[in-house]
Structures are given as C-alpha cells and as structure tokens.
Amino acid sequence: MKISQILNNNVVIVKRGMNEIIVYAKGIAFRKKVGQVIYENEIEKTYVLDSNDMLEHFSYLLSHSEPNHITLVNQIIKYGEDKLGKKSNDYLNLTLLDHIEFALKRAQKGQFIRSPLTWEVKRFYPKHFQIGIYALDLIKEQIGSEFPVDEAVSIALHFVNMEEGKSNLDEAIHSMETLKDIISIIHYHFQITFDENSLDYMRLMTHLQYFIQRVSSNSPYSVIGDEVLNQQIKTLYSNAYDCVQKIRIYVQKKYNCNLTIDEETYLMLHIHRISDKQTLKGEEK
Numbered sequence: 001m002k003i004s005q006i007l008n009n010n011v012v013i014v015k016r017g018m019n020e021i022i023v024y025a026k027g028i029a030f031r032k033k034v035g036q037v038i039y040e041n042e043i044e045k046t047y048v049l050d051s052n053d054m055l056e057h058f059s060y061l062l063s064h065s066e067p068n069h070i071t072l073v074n075q076i077i078k079y080g081e082d083k084l085g086k087k088s089n090d091y092l093n094l095t096l097l098d099h100i101e102f103a104l105k106r107a108q109k110g111q112f113i114r115s116p117l118t119w120e121v122k123r124f125y126p127k128h129f130q131i132g133i134y135a136l137d138l139i140k141e142q143i144g145s146e147f148p149v150d151e152a153v154s155i156a157l158h159f160v161n162m163e164e165g166k167s168n169l170d171e172a173i174h175s176m177e178t179l180k181d182i183i184s185i186i187h188y189h190f191q192i193t194f195d196e197n198s199l200d201y202m203r204l205m206t207h208l209q210y211f212i213q214r215v216s217s218n219s220p221y222s223v224i225g226d227e228v229l230n231q232q233i234k235t236l237y238s239n240a241y242d243c244v245q246k247i248r249i250y251v252q253k254k255y256n257c258n259l260t261i262d263e264e265t266y267l268m269l270h271i272h273r274i275s276d277k278q279t280l281k282g283e284e285k
C-alpha cells in the first residue's frame with residue numbers, strides 16, 4: 001500500500017485499491033515519504049471509512065491524539081470485544097477515541113457530565129457497564145485522570161450502539177427513561193424505597209420491561225379480559241389501583257396507548273406485591 005498522506009509520525013493515509021484508508025502504528029511514518037510503500041506487518045491498526053468527510057474528520061482526530069490515548073482505546077475495545085463476544089467496527093474505535101479525548105479535556109477543567117441513565121444502564125446492560133468501569137480504571141492507571149461513574153455509562157453506551165445500531169439504541173434509551181418514570185410514579189405514590197435485590201423487585205422490573213415494549217408498539221396485552229378478576233383486585237388493592245391509574249395517564253400521554261383490563265390487572269398485582277412487602281419492612285424498622 002502506497003502512502004498518500006503523512007499525518008504525523010504514527011498516522012498515515014494509504015491507498016488500498018481504489019480507496020484511501022487510515023493506518024496507525026508508533027513510528028510507522030518515520031523516515032517515510034509520500035509514495036513509498038507501507039507493508040501489512042508494519043501496521044498496528046487500520047481504519048476503513050466509507051466517506052471522505054469521515055476520512056477527513058478522523059484523520060484530524062488521529063493526527064492530534066496522543067499515541068498512548070490510541071493504545072488505551074485499543075485496549076478498551078479488546079476488553080469489550082472479549083466481554084461481549086463480538087467484533088467491533090472501526091467507527092467504534094474512532095468515536096470512542098473522540099469521546100475519551102474530549103472527556104480528558106473536560107476533566108482538566110473539572111467538568112464532569114452527569115448521566116440520567118446510570119441506574120438503567122447498570123440494570124439492563126451490566127456487561128456494557130462493566131466495560132465502562134474497566135475503561136475508567138484503565139484511564140486512571142495509565143493517564144492519572146479520575147472520573148465519576150457517570151462516565152462509565154457514556155462509554156458503555158458506545159458498546160450498546162455497536163451491538164444494536166443507532167435506531168435501536170435510541171429506542172433502548174427511550175424505554176429506559178420510561179421505566180425510570182414508572183418506577184418513580186410507584187416510588188412517590190407509596191413513598192417507599194425499593195430493595196433492588198429482592199425477587200419481587202426483579203419480577204416487577206421484568207414485567208415492566210415487557211409492558212413498555214408492548215405499549216411502545218401500541219399492542220398492549222389483551223387475552224382474557226377478565227372483568228370480574230379485575231374488579232376483585234381493584235377492591236382488594238385499591239391503593240395499587242390508584243397507582244396504576246397514574247401510570248395509565250402517563251402511558252396515554254407518552255405513547256397514546258390505553259391500558260387493557262389485562263394490563264391493568266397484572267400491574268396491580270405486581271405493584272401490590274412489592275409495595276405491600278416494602279411497607280411491612282418499613283414498619284418493622
């Protein structure tokens with residue numbers, strides 16, 4: 001592959017077939033000139049991009065990045081690939097490098113961004129969150145910069161995006177925000193703090209995940225439609241019923257979807273189970 005452009009001592013653009021690609025290795029351009037050949041065994045990392053705009057943007061990024069930052073990102077990517085059992089694409093390397101470079105500049109000024117999705121990502125994407133924590137540990141060890149846990153969430157979402165794609169990531173974030181809102185409705189209605197390790201809490205979370213999938217696609221669960229059972233549950237668990245009505249209003253506004261009798265019944269049962277046990281625990285203290 002012949003050198004088209006030397007960006008710095010470690011980064012060059014080469015011609016491969018009809019396309020230009022970016023290649024990286026420490027000292028790869030040392031004593032080299034445009035037109036000379038770069039061999040595969042000299043290259044540490046290759047970046048293949050699908051547009052000239054991307055090539056220009058990431059060429060600038062790589063040529064202005066510290067070599068140890070690029071190596072660090074490669075280590076994080078390798079850990080993430082092993083953790084998830086999936087190969088990444090070149091865009092992940094570059095977007096993550098861009099993110100970390102900017103985060104390090106913010107850290108120097110004491111500027112740290114709080115993530116509204118910390119709880120949700122820890123709960124729904126534990127492997128991805130662990131990758132984020134690994135990245136923060138590596139940054140601290142190799143560069144000396146410390147970040148709050150929120151930054152692990154931002155890094156984790158890069159790997160979620162890698163697996164699910166942009167549109168699915170947007171849907172996942174939207175669903176996580178909805179889940180957080182519904183949990184908040186239950187929390188404030190009953191004035192309780194949940195035991196997140198309890199079986200009832202995990203059951204509620206699982207039910208809500210599928211519930212949100214159904215209402216977001218406007219296909220709420222409706223099989224039995226048992227009005228007698230629904231009325232019995234309303235009478236027995238009136239407080240849970242009141243809470244579900246708040247969730248009903250929220251869902252109607254956000255998704256323009258009305259709850260069926262079956263959805264209402266199951267929500268009341270799950271909410272009563274967890275609220276009743278949490279209330280009893282509170283009274284015992």
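Residue numbers (the UniProt record's numbering): 1 to 285. Virtual Cβ for every residue (Gly too), placed ideally from N, Cα, C. This structure is a prediction, so every number in the text was calculated from the model and none was measured.
Select from the options the residue whose C-alpha is nearest the C-alpha of residue i.
i: E56; options: K87, T118, I21 and Y39; result: I21
i: H270; options: E42, R214 and N239; result: N239
i: S145; options: M162, L136 and V153; result: L136
i: H158; options: G80, T235 and D200; result: G80
i: Q252; options: S219, I274 and L236; result: S219
i: K83; options: D170, I185 and Y125; result: Y125
i: Q36; options: L97, S4 and I192; result: S4
i: Y250; options: H187, S275, I182 and Q209; result: I182
i: S63; options: Q75, E101, E40 and E151; result: E101
i: C243; options: R31, Q191 and A172; result: Q191
i: T71; options: L96, Y60 and F112; result: L96
i: L259; options: Y237, T235, S217 and D276; result: S217
i: Y237; options: C257, H174, E263 and D276; result: D276
Where does residue i sit, in a helix, a strand or coil, going by DSSP?
i: T206; result: helix
i: Q5; result: strand
i: K234; result: helix
i: R31; result: coil
i: N193; result: A small correction: the amino acid at residue 193 is Thr; Asn does not occupy that position in the sequence shown. Coil.
i: Y125; result: coil
i: Y47; result: strand
i: S15; result: The residue asked about is misnamed: residue 15 is Lys in this sequence, not Ser. The answer is strand: DSSP assigns K15 an E or B state.
i: I143; result: coil
i: E263; result: helix
i: E66; result: coil
i: Y201; result: helix
i: N10; result: coil
i: I249; result: helix
If you draw a straight line from the C-alpha of residue i to the C-alpha of residue j, how long is it?
i: K33; j: K2; result: 10 Å
i: R114; j: Q245; result: 32 Å
i: P148; j: I261; result: 44 Å
i: V73; j: G17; result: 28 Å
i: D65; j: L138; result: As written in the sequence, residue 65 is Ser, which differs from the Asp given in the question. When rounded, the distance between both Cα atoms is 17 Å.
i: K15; j: D53; result: 16 Å
i: L179; j: E44; result: 43 Å
i: I6; j: I131; result: 33 Å
i: N93; j: I77; result: 7 Å
i: A25; j: K109; result: 30 Å
i: Y255; j: S51; result: 37 Å
i: D195; j: H189; result: 16 Å
i: Y241; j: L169; result: 33 Å
i: A172; j: A152; result: 17 Å
i: L117; j: D150; result: 8 Å
i: L208; j: N19; result: 48 Å
i: V23; j: Y210; result: 44 Å
i: R123; j: K105; result: 29 Å
i: F129; j: M268; result: 32 Å
If I measure Cβ to Cβ from residue i and keep anything under 7 Å in the same chain, skipping five residues before and after, which residues do I get?
i: V48; result: I21 and D90
i: K87; result: E81
i: E120; result: M176, L179 and K180
i: N68; result: Q142
i: R214; result: P220 and Y221
i: R31; result: none
i: C257; result: V215, N218, P220 and V251
Can you name, in chain order, every residue of its own chain whose Cβ lies under 8 Å from the Cβ of residue i, other than the five neighbours on each side?
i: T265; result: D226, L229, N230 and I233
i: T99; result: According to the sequence as given, residue 99 is His; it is not Thr. Taken in chain order, the residues that qualify are S154, I155 and H158.
i: I28; result: N9, N10, V11, V12, I38, E42, I43 and E44
i: H174; result: S216
Kindly list the residues whose CB is nearer than 6 Å to the CB of residue i, restricted to its own chain and excluding five residues on each side of it in sequence; keep chain order.
i: R273; result: D200
i: K285; result: Note that K285 scores 41 on pLDDT, short of 50, meaning its location in the model is unreliable and no value can be drawn from it.
i: E163; result: none
i: I185; result: K246 and I247
i: L204; result: H270 and I274
i: N161; result: L169
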